[in-house]
């Protein structure tokens, strides 16, 4: 779901046209499209780098973790997941809503990692490292747009 | 429902990919059309009743359908008809804002033809009325916005026929 869909469904639930104020919000949101596309492109182009740097940082802070145990399969799946979260954050940036991230990647996240027997506090640390590496690539205005989505993942894990 | 943004996100996610250049271009032009879409929705919302009245006058009012034996004869059926046209206009406006037809399928078209057939509502007259609505809407909102609204009116007609 995006901000656009949300606004339409709100109007529809009351069988009315979107109000002027809602259309103002709609228009303002679409105006920020250039910025959203720019941020999503930076994340897409630098996913590998973000994941590599974040992993190094994560293992430094949290050396005892499955992805650092010398098992290449575990390392690969951890880094694959990290890449996925960068992608989902990029989707949410485009949508202007945490819904894509939530629907694909945070509903059930605790249950999933618990059942994989990966300590949640490690995942939280890993997401923090991802966030730091992602925002390091952006100027302060763009970083402000991205950070809340990583915080949203971290909140979902706690 | 989907909109122009989530439709691209959903189709990318199935492949585990970021949006490709083509998708980003489409998104770019959607983002740039915000003012046109918002202005059109405001305009339609302010004139919705008039548009329905004009569309009926243009397509149904002076035909046999409003005479005894016709499907719009009796005030109750007339009222149901204009209520439906009102819905079509509102959902076409939603779809125009979204830049995506999915809400039309979900809220209007699924099962509509069967419902109309069972109520004896003539499909061809309904399509004529929606086409008339497309014309009067274009007269109101101008050629560019009218063309975009036309996509969704035509989609309703295609779904009915």
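Protein chains in written order, with our numbering: chain A, 1 to 158; chain B, 159 to 319.
Don't be surprised by glycine CBs; every beta carbon is placed ideally from N, CA and C.
Just so we're clear, the structure is a prediction, and the values are computed from it rather than from any experiment.
- Item | Coil, strand or helix - residue 148 of chain A by DSSP | helix
- Just to confirm, are residue 77 of chain A and residue 69 of chain A a CB contact at a threshold of 9 Å? no
- Enclosing alpha helix (DSSP H) for residue 175 of chain B [first to last residue]: Element bounds for residue 175 of chain B: n/a, residue is neither H nor E.
- Message: Using beta carbons (cut-off 9 Å, strictly below), is residue 327 of chain B in contact with chain A?
- Response: Past the boundaries of the shown model lies residue 327 of chain B; chain B is included only from 159 to 319, so the question cannot be answered.
- Message: Does chain A have any CB closer than 9 Å to the CB of residue 266 of chain B?
- Response: no
- Query: What does residue 148 of chain A reach in chain B if we use C-beta pairs closer than 8 Å?
  - Reply: Correct list: empty, because the minimum Cβ distance to chain B is about 18 Å.
- Query: Can you list the alpha helix (DSSP H) stretches of 4 or more residues lying completely in the stretch 109-147 of chain A, in chain order?
  - Reply: 109-115, 120-136
- Message: Between the alpha carbons of residue 200 of chain B and residue 162 of chain B, how many angstroms are there, rounded?
- Response: 20 Å
- Between the stretch 187-206 of chain B and chain A, which residues of the former have CB atoms less than 8 Å from a CB of the latter, in chain order? 188, 189, 190, 191, 192, 193, 195, 196, 199, 200, 202, 203, 206
- Chain-ordered neighbours of residue 225 of chain B on chain A, where CB pairs are closer than 9 Å: In chain order: nothing, as chain A lies at least about 31 Å away.
- Task: Note the first and the last residue of the continuous alpha helix (DSSP H) segment covering residue 15 of chain A.
- Result: No alpha helix (DSSP H) holds residue 15 of chain A; DSSP gives it neither H nor E.
- Query: What is the rounded straight-line gap between the Cα of residue 140 of chain A and the Cα of residue 21 of chain A?
  - Reply: 29 Å
- Might you give, ordered along the chain, the residues of its own chain that have their beta carbon closer than 7 Å to the beta carbon of residue 265 of chain B, omitting 5 neighbours on each side? 249
- For residue 181 of chain B, three-class secondary structure by DSSP: helix
- Query: Could you check where the alpha helix (DSSP H) with residue 315 of chain B kicks off and where it finishes?
  - Reply: 301-318
- Task: Check the Cβ-Cβ distances between residue 27 of chain A and every residue of chain B, and say whether any is below 9 Å.
- Result: yes
- Query: Within 10 angstroms of its Cβ, does residue 107 of chain A collect 16 or more other Cβ (buried), or is it exposed?
  - Reply: exposed
- Task: Would you mind giving the Cβ-Cβ distance between residue 291 of chain B and residue 255 of chain B, rounded to the nearest angstrom? I have them listed as a contact below 8 Å.
- Result: The pair is not a contact, with the Cβ atoms about 17 Å apart (cut-off 8 Å).
- Starting from residue 185 of chain B, find everything on chain A with Cβ-Cβ shorter than 8 Å and list it in chain order. 33, 37, 94
- For chain B, find out if any of its Cβ atoms is closer than 9 Å to the Cβ of residue 1 of chain A; answer yes or no. yes
- Query: Apart from the five residues just before and just after residue 40 of chain A, which ones in its own chain have a Cβ nearer than 6 Å to its Cβ?
  - Reply: 90, 93, 94
- Item | Backbone secondary structure at residue 298 of chain B - three-state DSSP | helix
- Query: Nearest CA to the CA of residue 122 of chain A: which residue from A:57, A:83, A:143?
  - Reply: A:57
- Message: Using only the alpha-carbon positions, how far apart do residue 118 of chain A and residue 65 of chain A sit?
- Response: 8 Å
- Relative to the alpha-carbon of residue 289 of chain B, which residue among B:205, B:218, B:188, B:238 has its alpha-carbon at the smallest distance? B:218
- Report the residue from B:168, B:182, B:240, B:303 whose alpha carbon sits nearest the alpha carbon of residue 206 of chain B. B:240
- Just curious, the alpha helix (DSSP H) that residue 104 of chain A is in, first and last residue? Note, residue 104 of chain A: premise wrong, no alpha helix (DSSP H); not H, not E.
- Under the criterion of a Cβ to heavy atom distance below 8 Å, does residue 316 of chain B qualify as lining the ligand SAH? The model depicted lacks the ligand SAH and carries no ligand whatsoever.
- Item | Within chain B, the residues that residue 130 of chain A reaches when beta carbons sit closer than 9 Å | Within 9 Å Cβ-Cβ: nothing; residue 130 of chain A doesn't reach chain B, min ~16 Å.
- Going straight from the alpha carbon of residue 173 of chain B to that of residue 258 of chain B, what length do you get? 21 Å
- Message: Against chain B, which members of the stretch 63-86 of chain A pass a CB distance test of less than 7 Å?
- Response: none
- Message: Taking only three categories from DSSP, how would you classify residue 258 of chain B?
- Response: coil
- Leaving out five residues on either side along the sequence, give the residues of the same chain with a beta carbon under 6 Å from the beta carbon of residue 129 of chain A. 54, 57, 58
- Message: Would residue 30 of chain A pass as an interface residue toward chain B - the criterion being a Cβ-Cβ separation below 9 Å?
- Response: yes
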